[in-house]
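There are 2 protein chains.
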Amino acid sequence: MTVATKPVIVLVRPQLGQNIGKAARAMLNFGLTEMRLVAPRDGWPNPDAGPSASGADVVLERAQLFDTIEEAIADCSHVYASTVRRRDLVMPVVGPAEMADRIAASHERSAILFGPERSGLETEDVALAKAIVTVPINPEFGSLNLAQAVILLAYEWSKHGTLAQPTAKELEPAAPHGEIEGMIAQLNGELDAKGYFHPPSRTQATKNTLRTIFTKTGWSSREVKAMRGIIRALVGPAREH
Amino acid sequence: MTVATKPVIVLVRPQLGQNIGKAARAMLNFGLTEMRLVAPRDGWPNPDAGPSASGADVVLERAQLFDTIEEAIADCSHVYASTVRRRDLVMPVVGPAEMADRIAASHERSAILFGPERSGLETEDVALAKAIVTVPINPEFGSLNLAQAVILLAYEWSKHGTLAQPTAKELEPAAPHGEIEGMIAQLNGELDAKGYFHPPSRTQATKNTLRTIFTKTGWSSREVKAMRGIIRALVGPAREH
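Structure, rendered in structure tokens:
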């Protein structure tokens, strides 16, 4: 993962400083740091941006200001236009995961364009891109705001980065089967003493059921020990403390 | 894709009505409609929720109110706790995509727990879940708000929306969480009578461990019943036959 493959986030004519801040926060959560602003409505810097960034000030401080999209993407080889509306343009349309795959596979700089909050990108803006990226949303309720669109695309991109996906590493390994058997033998012994296995014709079937129940738990050695302690406690006398 | 596989979104002690509305909007963008609220700080309904939902009123109108997490997830077989902090619990940790895969592959009802805005889920809350789901974020800047966490998980789930083909049914479905809780309550009661929970300072931690051990089993209703019979047998007098 080289820095060059981190996409540049280009906000085109953003309206509210607050939303620029929220977009910065969304970006930094997933390791994106390069924001470019094209003709923000209220100028730049904007005092409303900082408080909404929740600490992602580094993104805002480094944000670059441009008059036009063409200037903002001049050094970018691959440009994606984020949009939900259908267009009259003949252009590839990709989903977030495919866009992320393409960006990660590329060795050139990529950019993702996001339009103004209210109206989104104009057709002329989209025409500057190589492909449209669309987040598939509920056809009966599509209401993604700017920062949400940014965070979903940044999140997909991050899967290719150094933010390791959690694996089941915190899961303790399952105990060796012998430990499970030992616990089952203890349990069977105690249950036998209580007259649990009755009638004798059903004893083996009941024991098979118990073995299945406890074998499927996936308990670790520690958990098997805990269960053995529970069995001892249940059959033992009440302890005074 | 049956309705049963759509996860229930459980907001645990949410603070601001505004954030409940934003969460509803995030959900509906990706087709999730079932929200449950556990002890919202400012009561329910909350007049601040509607304006933030941006039209996702149907989610708010159908939201169900509960006093405890246990009640809110009583009919859910698979419960995921969304959290970023590391825990002292030994529990599987999965990423959003893996959680979505598991939910989509399951035929029982699933729930995802989200904690209060400021503090997130408490360890006792997390102990009620089968697994932790964590969005991998920038280790140097982790600042996902409630609605963002909801939207990322809802987005991942939505990728399975077109997978219409049914998967192989498990032999027996996992029991609803309420049944597991009933068994745990029975066991805790018996262990308490035996003086098992000692010293008092360790009682909650021990109970959390027990909850994790039994929640992770994936036991069916039949198996939970068998375990309850075992507990009764162990603490009862020896039966003569």
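Same order as they appear, the protein sequences are chains A and B.
Numbers given in this note's numbering equal positions in the first sequence, counted from 1, plus 1048.
Numbers given in this note's numbering equal positions in the second sequence, counted from 1, plus 1048.
Every residue gets a Cβ at the ideal spot worked out from N, C-alpha and C, and that includes glycine.
Since the structure is predicted, the reported quantities are computational estimates derived from the model, not experimental observations.
In the same chain as B:A1223, and ignoring 5 residues on each side of it, the C-beta atoms closer than 8 Å to its own belong to S1125, W1267, S1268, S1269, E1271 and V1272, in chain order. Chain A has no Cβ within less than 9 Å of the Cβ of B:H1155.
Closer than 9 Å to the CB of B:F1162 there is not a single CB belonging to chain A.
Within chain A, not a single residue places a beta-carbon under 9 Å from that of B:T1131; the smallest gap is close to 11 Å. Within the segment 1272 to 1283 of chain A, the residues whose Cβ lies closer than 9 Å to any Cβ of chain B are, in chain order, A1274, M1275, G1277, I1278, I1279, A1281, L1282 and V1283. Not a single CB atom of chain A sits nearer than 9 Å to the CB of B:W1092. Close to B:H1289, with beta-carbon spacing below 8 Å, are these residues of chain A in chain order: G1243, H1246 and P1247. Closer than 9 Å to the CB of A:W1267 there is at least one CB belonging to chain B. In the three-state scheme derived from DSSP, where H, G and I count as helix and E and B as strand, B:H1225 is classed as helix.
The residue among B:E1146, B:Q1234 and B:G1091 with its C-alpha nearest the C-alpha of B:L1201 is B:E1146.
Cβ neighbours of A:F1262 within its own chain (closer than 7 Å, five residues either side excluded): I1228, M1231 and I1232.
A:A1286: not part of any beta strand (DSSP E); DSSP gives it neither H nor E. Using a Cβ distance threshold of 9 Å, B:P1088 and B:G1103 do not count as a contacting pair. Cβ neighbours of A:R1073 within its own chain (closer than 6 Å, five residues either side excluded): A1101, S1102 and A1104. As summarised for the segment 1148 to 1184 of chain A, the continuous alpha helix (DSSP H) elements at least 4 residues long and confined to that stretch are 1171 to 1174, given in chain order. Take the alpha-carbon of B:P1164 and the one of B:N1077: they are about 22 Å apart. Comparing alpha carbon positions, the residue from B:T1116, B:P1055 and B:T1053 closest to B:R1061 is B:T1116. When 8 Å is used as the limit between beta carbons, A:A1286 is near these residues of chain B: A1241, K1242 and G1243, in chain order.
Bounds of the beta strand (DSSP E) holding A:A1129 are H1126 to S1130. Each residue's CA atom was taken as its position, placing B:P1095 and B:N1067 some 12 Å apart. Contact annotation for A:Y1128 against chain B: no contact, minimum CB-CB distance about 17 Å [criterion: below 9 Å].
Within chain B, the residues whose beta carbon sits less than 7 Å from that of A:T1257 are A1274, listed in sequence order.
When the five nearest sequence neighbours on each side are left out, the beta carbons in the same chain lying within less than 7 Å of the beta carbon of A:G1098 are those of G1069, D1105 and L1108, in order along the chain.
Between A:A1286 and B:A1281, the gap from beta carbon to beta carbon reaches 9 Å or more. For B:Q1196, at least one C-beta of chain A is nearer than 9 Å to its own C-beta. The continuous beta strand (DSSP E) containing B:M1083 extends over residues M1083 to V1086. Distance from the Cα of B:A1152 is smallest, within the candidate group B:R1276, B:F1245 and B:W1205, for B:W1205. Taken in chain order, the unbroken stretches of alpha helix (DSSP H) that lie wholly in the segment 1053 to 1078 of chain A and span 4 residues or more are 1065 to 1077.
A:A1104 reaches chain B at F1189 and S1191, counting residues in chain order whose Cβ is nearer than 8 Å. Comparing alpha carbon positions, the residue from B:T1131, B:G1277 and B:L1059 closest to B:L1192 is B:T1131. Residue pairing of B:Q1252 in beta bridges, as defined by DSSP: absent, with no partner found. Among the residues facing chain B, A:R1073 is included, as its CB has a counterpart in that chain under 9 Å away. Annotation for B:L1108: the continuous alpha helix (DSSP H) segment containing it runs D1105 to R1110. Contact note: B:I1057 does not reach chain A at a C-beta cutoff of 9 Å; the least C-beta distance is about 14 Å. Straight-line measurement puts the Cα of B:N1186 at about 29 Å from the Cα of A:G1091.
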